[in-house]
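Each step along the sequence shown adds one to the number in our numbering, with nothing skipped, and position 286 is 315.
Where a beta carbon is used, it is the ideal one built from N, C-alpha and C, also for glycine.
Down below is the structure, laid out as structure tokens.
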Amino acid sequence: MADIGQTIVSNASIWNLGQMKPDAILLAGDLSYSDGWPFRWDTFARLIEPLASIYPILHVGGNHELGSSENWIHYLERWPTPNIGQAPSPLFWSVDIGPLHLIGLNSYDNFVQGGDRIQRAWLLSDLAHYTTYQRSHSQPWLAVLFHVPFYSSNGAHHLEGELMRKAYEPILYAAGVDFIITGHVHAYERTNHVYNNNNDICGPIYFGLGDAGNRESTYTDWFQPQPEWSIFRESSFGVGQIIIHNSSSLRYEWHREACATNNTKNNYQQPTNGINLNALDCHTPKDNGGFAYEPIDFLDLTKSSDPSCTSKRAHIAASIGLNPLAFHLPPTPHSEEANNNLIFPRPKHSSSSSQKKENDQQRSHIPLIIALLFLLMLLFAFGIFLAARRFVILSRSPSRIFYTVDSYSSLSLSDQIIKGYTRSVPNLTSYSSITGTSTTQQEKEKWCDSQPAATPLQGIQLT
């Protein structure tokens, strides 16, 4: 599912997914519809907690995780992605779920003049590993998850994913992707096997599932006539389910949950206003997609055994500068010749001589590092020495205690200053004779009485 939001339809989507008891939940972007209000991430977390506390949720970001001052911040901090250190960014990742290898991509990368080179390089590397080691063994199914669809016959968000399609569709076709899950368009649509805007048995099937219940209602403006590659489309709310039977067959189902009773945005958050939860017997007004009254869509998918797919994929790979590979016969992992024949060649290991040279260069830095550490230790020791020397000097200085024993001795020093009087500072030379331990209080007072009388202060200003 995708484009969930926080409405009663969202709650129905979450409940229905829980009833399916899935192994994992795939979410193709636009989660909370927080749109710059952080507390909405908290309320969304409470809404989806009954589901997220039991089942793993694998997700990618959408425009509502990026725009409205979101900038991926709350999304990445609150919803970790399963890149597990393998991808250079949490915005794209891959993970294995039983017999399925799932790849998540970022629809909002910069697809102009190589701005997506980091994501693209990672994708090629991940597919290289998959086509070499996994496809014919542990994960025969390959799927991709991203937000903006390559194919949609709805007028909303039309061609927004075109730059990404031109950059990535040949790669995904050459790798033999089986199906692709997207969102963004608030309606449901399933395509045929498609490549480059034409039906192609070797291409992937697209499931457009941006209908999970967000507050912006459904999109009813479908293009007419319906394109040949579009099989089923409906402007209502629902969720999809994929059941993988074995290495060559799976079943896909979509179940409607509700219909919009009008096309007014932000107007169906209450049960009696804007929606119809009678999923088996409802339709959305102005839905001209051709299937407005259908509550269920399903597909039994069998992997294509068409022998032409190998040559087609090899041709597409060559057209974008990749090497051909027969996907149904993966090469031996440790074979250098096999690596050269990969559509997605894995990085070659460096030779022993170059590896030795690199190790020598790394070892050459060790003496410099040791010298720097030794210099830092010397500076630290010198600093301790200076601090200790200053402490010793201060501890040997004579005590400087001043007495104010005169006719104003009953006043504190601050009171004497306020009243305009002070006393001359005692002479340290003569005073030192009474600072010993044997000096009595009477001798101190006698010495103080011999000092000049207090004189008025002149020119003192207190602020």
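Delimiting residues of the alpha helix (DSSP H) encompassing residue i
i	result
Y104	102-107
S39	37-49
R194	191-204
I77	68-81
Boundaries (first-last residue) of the beta strand (DSSP E) holding residue i
i	result
R262	259-263
F208	208-211
L174	170-174
S154	Where S154 is concerned, there is no enclosing beta strand (DSSP E), although the alpha helix (DSSP H) it sits in stretches over 146-158.
F121	Premise fails: F121 is in no beta strand (DSSP E) and is neither H nor E.
L129	129-133
Per DSSP, cross-strand counterpart(s) of residue i
i	result
E282	Q270, F327
V223	N228
F236	I210, R219
C338	For C338, which the question treats as bridged, DSSP gives no partner whatsoever.
H88	L56
A287	F266
I304	A289
W251	N183
I126	L129
Reference residue i; option with closest CA among the options
i	options	result
T110	Y224, G133, V173, T339	G133
P199	L171, F266, H176, G232	G232
W66	I209, F403, S98, T290	S98
S334	L397, I399, G205	G205
S259	F266, H284, H222, T290	H222
A203	E189, A157, H215	A157
F124	S136, W170, L401	According to the sequence shown, residue 124 is Val rather than Phe. Ranking the options by Cα distance to V124, first place goes to W170.
L279	L330, G127, T161, L60	L330
H93	Y62, F73, I77, A81	Y62
L76	G237, G96, S42, P51	S42
R164	G350, G47, S277	S277
S128	N275, S39, I230	According to the sequence provided, residue 128 is Pro. The question's Ser does not apply to it. Of N275, S39, I230, the residue nearest in Cα terms is N275.
I126	I273, I147, F420	I273
Q270	K50, N40, V38, S39	K50
T313	K332, R342, S340, G267	G267
T249	D316, I398, T220	D316
R107	S136, R69, L153, N135	R69
L152	Y197, Y162, F140, Q168	Y197
V141	K195, W122, E78, N226	K195
Y281	E257, P336, T220, N227	T220
L46	Y159, I422, P79, S337	P79
Supposed contact pair residue j and residue i - C-beta distance, whole angstroms, cut 8 angstroms
i	j	result
G34	G303	The Cβ separation is near 13 angstroms, so there is no contact.
D145	D138	4 angstroms
T211	F252	Not a contact, Cβ separation roughly 17 angstroms.
G239	A53	Not quite, the Cβ-Cβ distance comes to about 19 angstroms (not below 8 angstroms), so this is no contact.
Y215	E245	A quick correction: the sequence has His, not Tyr, at residue 215. Going by Cβ atoms, the distance from H215 to E245 rounds to 6 angstroms, so yes, they are a contact pair.
A308	T247	14 angstroms between Cβ atoms; not a contact.
G237	P324	Going by Cβ atoms, the distance from G237 to P324 rounds to 17 angstroms, so no, they are not a contact pair.
R285	S265	5 angstroms
Q255	G319	6 angstroms
R149	Y217	That belief does not hold up - the Cβ atoms of R149 and Y217 are roughly 30 angstroms apart, past 8 angstroms.
L56	H88	4 angstroms
N305	A321	Their Cβ separation, rounded to whole angstroms, is 12 angstroms, which puts N305 and A321 out of contact at 8 angstroms.
H186	H213	5 angstroms
F208	I230	The pair is not a contact, with the Cβ atoms about 14 angstroms apart (cut-off 8 angstroms).
G90	L131	Contact flag wrong, Cβ pair sits at about 16 angstroms.
S118	I147	7 angstroms
N112	W122	4 angstroms
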